[in-house]
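Student: Could you have a look at this structure, given as structure tokens, before my questions?
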Amino acid sequence: MDRKEELAVGRRLLGHIDGRTTDLADDLFRNKVIAYSCRERARLERERLFRDHPIFMALGTRLARPGDYLTEDLAGLPVLLARGTDGTVRAFANICRHRGAPVAQGCGNARAFACPYHGWTYDLTGRLLGTTDKVAFAGLDLASHGLVPLPAAEKHGMIFVRPKPPRPGEVGAIDVDATLGVMAADMDALELDSYPIFSVDRITPRINWKFAIDTFLEGYHIPHLHRKTIGPYFIGNCGTFDAAGANGRMCVARTSIDAVRTLPEAERNYRPHVISVYQLFPNTIVIWQVDHIEIWRAFPHRDDPGRCDVEMTIYKPADSDRPDSYWEKNRDIAIRTVMEEDFPLGERMQVGFESGATDEVIYGRNEPSLVHFHRSIRAALGVAA
Ligand code: FES
Ligand SMILES: [Fe+2]
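Numbering (my numbering), first residue to last: 1 to 385.
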């Protein structure tokens with residue numbers, strides 16, 4: 001955020017701390033438990049949220065060099081993302097045009113992709129370079145049997161993909177600024193292309209994907225669930241929230257924020273004391289962690305509403321001379337807090353949801369980010385509850 005916005009958010013946070021208040025949603029919000037457990041709802045979400053919307057994939061620095069690539073299953077669609085020799089990032093369905101094997105696995109750097117099944121090769125633009133056994137495939141038009149392209153775009157240091165092949169005649173280009181809305185200015189100000197990747201962690205908790213996002217959208221639970229980990233460093237149940245279309249920004253204060261009070265407002269630097277949690281619809285959380293960027297993404301399982309794939313990536317500043325052990329410690333805190341405290345509790349909540357013993361959950365007025373997230377989902381799904 002720019003300096004004016006930083007001061008305004010800082011002022012709001014100090015006001016909340018002094019008044020023991022927090023930004024409030026306009027009303028309580030009730031959500032049906034089936035939103036977390038129903039197969040039909042999960043199918044609708046995969047179709048409407050995970051095919052039609054641009055999905056954040058990674059910061060551009062994760063594919064820093066020509067030939068860098070990564071693969072991922074996006075809610076049931078295998079995707080290959082690669083940076084070409086021209087510097088452009090392209091996305092494809094990671095499905096060989098011969099008989100459908102994934103042509104690339106994991107991540108790495110390559111000049112071309114050779115399918116592991118029968119050895120057909122594709123270049124970084126998805127073009128089919130050649131088949132093995134030329135006699136058997138004589139007459140096959142290579143030009144029309146490249147990997148199926150998916151719309152991809154890179155801007156503000158961020159890569160997005162729409163995981164749906166465009167229909168014939170449809171361009172399907174992604175407008176990153178339209179996707180980010182007013183949050184584009186914040187993302188630009190973060191200078192994300194100056195943060196190289198430090199670590200990637202993946203887990204598959206037995207929770208609905210929305211719970212994996214919910215857990216980042218309120219500071220109400222911090223002094224309770226995290227009292228032994230991050231609790232002492234944050235002012236719990238206190239924060240600002242600003243919607244940006246279906247996206248949102250929540251800011252929470254570290255207890256160290258009191259240090260700014262000794263300075264006149266124009267000289268205050270809130271950056272070391274305020275964590276910004278950006279919610280990128282539908283499934284990404286970008287956290288400005290004062291001196292590094294932590295990004296969480298959650299994807300629904302392709303069939304079970306009670307499972308998801310979660311990825312946490314840490315990007316560290318390029319110009320930092322801190323040793324790797326410092327970033328490792330940050331990674332460890334994030335893992336211990338979320339994967340050992342939030343998600344294990346979430347797995348027990350998921351069991352409760354699937355038991356059918358309760359009908360609904362309630363998001364409080366002090367959880368405006370959560371309310372906004374679930375309202376945005378309902379709007380995108382076209383459902384009333
Ligand atoms: S499936 Fe890829 S070469 Fe046969
Ligand atoms: Fe948490």
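For glycine and all other residues, C-beta sits at the position ideal for the given N, C-alpha and C. These numbers were taken from a predicted model, which means no experiment stands behind them.
Could you give the DSSP three-state label for D342: helix, strand or coil?
Tutor: The answer is helix: DSSP assigns D342 an H, G or I state.
Student: Between Y220 and R249, which are expected to be in contact by the criterion C-beta below 8 Å, what is the C-beta distance as a whole number of angstroms?
Tutor: About 17 Å separates the two Cβ atoms, so there is no contact after all.
Student: From what residue to what residue does the alpha helix (DSSP H) around E367 run?
Tutor: Unbroken run through E367: none, as it is neither H nor E.
Student: Got a sec: does ligand 2 put a non-hydrogen atom nearer than 7 Å to the Cβ of H273?
Tutor: No.
Student: Once you ignore the five residues that flank E218 on each side, which residues in its own chain have a CB closer than 7 Å to its CB?
Tutor: Once the five neighbours on either side are set aside, the close Cβ partners of E218 are E367, S369, L370.
Student: By how many angstroms is the C-alpha of G306 removed from the C-alpha of N208?
Tutor: Whole-angstrom Cα-Cα distance: 5 Å.
Student: Can you tell me where the alpha helix (DSSP H) holding P223 begins and where it ends?
Tutor: Looking at the DSSP string, the run of the alpha helix (DSSP H) that includes P223 is 222-225.
Student: Taking A253 as the reference, which of H53, I335, I230 has the closest Cα?
Tutor: Selected option, being the one with the closest Cα: I230.
Student: Considering only residues of the same chain and omitting the five flanking positions on each side of C115, which have a CB-CB separation below 6 Å?
Tutor: Hits under 6 Å: C96, A101, V103.
Student: Could you please give the first and the last residue of the uninterrupted beta strand (DSSP E) stretch that includes W288?
Tutor: Its beta strand (DSSP E) spans residues 284-288.
Student: Less than 8 Å between the beta carbons of H118 and T132, yes or no?
Tutor: Yes, Cβ-Cβ distance for H118 and T132 is below 8 Å.
Student: So is the beta-carbon of Y69 under 7 Å away from any non-hydrogen atom of ligand 1?
Tutor: No, Cβ of Y69 sits at least 7 Å from all heavy atoms of ligand 1.
Student: For A112, which residues does DSSP report across the bridge?
Tutor: BP columns for A112 point to D123.
Student: Nearer than 7 Å: is that true of the beta carbon of T215 relative to any heavy atom of ligand 2?
Tutor: Yes, the beta carbon of T215 sits closer than 7 Å to at least one heavy atom of ligand 2.
Student: Based on Cα-Cα distance, which residue from G87, D68, A91 lies nearest to D79?
Tutor: Looking at the sequence shown, residue 79 is not Asp but Val. The shortest C-alpha separation from V79 is found at A91.
Student: Among K210, I275, L280, which one has its Cα closest to the Cα of G346?
Tutor: Ranking K210, I275, L280 by Cα distance to G346 puts K210 first.
Student: Extract the residue ranges of the beta strand (DSSP E) inside the stretch 28-54, only unbroken runs of 3 or more that lie entirely within it.
Tutor: Complete beta strand (DSSP E) runs here, min 3: 29-32.
Student: With DSSP collapsed to three states, give me the class of M187.
Tutor: It is helical.
Student: With ligand 1 as the reference, list in chain order each residue whose Cβ lies under 7 Å from any of its heavy atoms.
Tutor: Output, sorted by chain position: C96, H98, R99, G100, A101, V103, C115, Y117, H118, G119, W120.
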